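Each number in our numbering corresponds to the 1-based position in the sequence shown with 127 added.
Glycine included, each C-beta is placed from N, C-alpha and C at the ideal position.
Keep in mind that this is a model prediction, so the values were computed, not measured.
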Amino acid sequence: MKVKKWIALGLVLVLAIGIAAGCAQKASDDSATTDSAAKPKIGISMPTQSLQRWNQDGSNMKSAFEAAGYDVDLQYAGDNDIPTQISNIENMISGNCGVLVIAAIDGGSLTEVLKTAKDANIPVIAYDRLIMNSDAVKYYATFDNTKVGNLQGTFIKDALKLDSEKGPFNIELFTGDPADNNVNFFWGGAMDILQPFIDSGVLVVPSGQTTKDQCATPSWSTEESQKRMENLISSNKYGPDGTKLDAVLSSNDSVANGITNALVTAGYTDKDFPILTGQDCDKTSVQNMLAGTQSMSVFKDTRTLADRVVKMVTSIVTGTEPEINDTETYDNGTGVIPTYLEDPQVVVKDDIQSVLIDSGYYQPADVGL
């Protein structure tokens, strides 16, 4: 009789253990399902692979999202091809991406395709370039682009000592693609600093090309900026032994590289090179800074911006409000878009080791060190 009782008790224990194990497995499965549901696939649309900057942005974001446990669909739009970007976004929507992160080629070209995203309840984060005329855009992550322009203008002001010197100093002005909404901020920030000196005659623009449209560079093209600089050299007789050119404002490095090519061809060396600004700390421009043919570049650490976007997405997924530090500046035509601005910084030749190499952004061999 006692044996039967022990057998029965054993069966009860085995059954209890089995039920407990089954419950634990179900809880584990439920947790995995919940965790999976909490991490949707992220669609990342980048404008081009022909510029180093966007390759790094895409790679940094993909790595940051994957490290946080997200699946990622990263696509590039050929060489700044708007129909390709629209097609990429359509594929991301139909491919069950739960959040879209988009660096637009043309800030006003995505209105229709993003209606589909909104209808599918897919939130959109505008990355570095504000997407215009779409209420699908929930947040914007970028650098303080007015400050970028301020830093470039201030660098020229300080290098030429415009506050104390009477001049006149000759300058030419270059900015980027007019379809890129950031141009408004780069240009505006720089001209806030430089325009008073142009108005007073301390700075002179011999070409007379002083409006944003006159100084635009389609697609931020190195080739286009080189052609324009060559024309300016020819028409104004700039050269080491000709008309003195004291400074060139360039809104970014791909434009600055074209300017550098034209000036070097015209005979300028590191001994007489005009002050030349840039942005992004592209490898070629870092090499040019080391060679003395570019004066500075504004560094925007895309690793920090990638981390910021991951934090934004995680907040969206968990139903909390992302951290925002600008709720006034960026109106995309449908209202002000809540924005987080990362901080840019000036890099000159003497900063390259500490800012770019020691931080791991580049290896020494990347920039010829």
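Check: Kindly list the residues whose CB is nearer than 7 Å to the CB of Ile-220, restricted to its own chain and excluding five residues on each side of it in sequence; keep chain order.; Outcome: Thr-243, Ala-244, Ala-247 and Ile-249
Check: Leaving out the 5 sequence neighbours to the left and right, which residues in its chain are closer than 8 Å to Asp-255 when beta-carbon positions are compared?; Outcome: Asp-184, Ala-230, Ala-268, Thr-269, Phe-270, Asn-309 and Leu-432
Check: Using alpha carbons as the reference points, say which of Tyr-197, Ser-261, Ala-195 and Asn-187 lies closest to Thr-461.; Outcome: Ser-261
Check: Contact check, Val-199 vs Leu-227 under 8 Å by CB: the rounded distance?; Outcome: So it is not a contact: roughly 12 Å between Cβ atoms.
Check: With Ala-244 as the anchor, note down where its alpha helix (DSSP H) starts and where it stops.; Outcome: 238-246
Check: Among Ser-442, Lys-398, Val-437 and Val-440, whose alpha-carbon lies nearest the alpha-carbon of Gln-421?; Outcome: Lys-398
Check: Per DSSP, Ala-253 forms a beta bridge with which residues?; Outcome: Ile-229 and Tyr-267
Check: Does DSSP classify Gly-170 as helix, strand or coil?; Outcome: strand
Check: Tell me, please, which residues DSSP counts as bridged to Leu-403.; Outcome: Val-375
Check: According to the Cβ coordinates, are Gln-279 and Thr-404 closer than 9 Å?; Outcome: yes
Check: Excluding five sequence neighbours on each side, which residues of the same chain lie with their C-beta closer than 7 Å to the C-beta of Glu-350?; Outcome: Gly-385
Check: For Lys-166 versus Ala-195, is the C-beta spacing smaller than 9 Å?; Outcome: yes
Check: With a threshold of 6 Å on Cβ separation, who are the neighbours of Tyr-197 within its own chain once the five nearest residues in sequence on each side are excluded?; Outcome: Lys-166 and Ile-169
Check: In three-state terms, what does DSSP make of Gln-490?; Outcome: coil
Check: When DSSP labels each residue in this structure, what does Thr-466 get in the three-state scheme?; Outcome: strand
Check: What separation, rounded to the nearest whole angstrom, lies between the Cα atoms of Gly-315 and Thr-273?; Outcome: 7 Å
Check: Out of Tyr-488, Leu-496, Asp-458 and Gln-480, point me to the one whose CA is closest to Tyr-266's CA.; Outcome: Asp-458
Check: In terms of residue numbering, what span does the alpha helix (DSSP H) encompassing Ser-424 cover?; Outcome: From DSSP, Ser-424 is part of no alpha helix (DSSP H) but of the beta strand (DSSP E) over 424-426.
Check: Identify whether Glu-299 lies in helix, strand or coil by the three-state DSSP scheme.; Outcome: strand
Check: I'd like to know if the segment 478-487 and the segment 274-293 are in contact, where contact means that at least 3 CB-CB pairs between them fall below 8 Å.; Outcome: no
Check: Classify Thr-396 as helix, strand or coil using the three-state DSSP reduction.; Outcome: coil
Check: DSSP three-state label for Asp-262, please.; Outcome: coil
Check: Measure the C-alpha to C-alpha separation of Leu-289 and Val-329 and round it to an integer number of angstroms.; Outcome: 7 Å
Check: Leu-468 to Ser-214, Cα distance in whole Å?; Outcome: 29 Å
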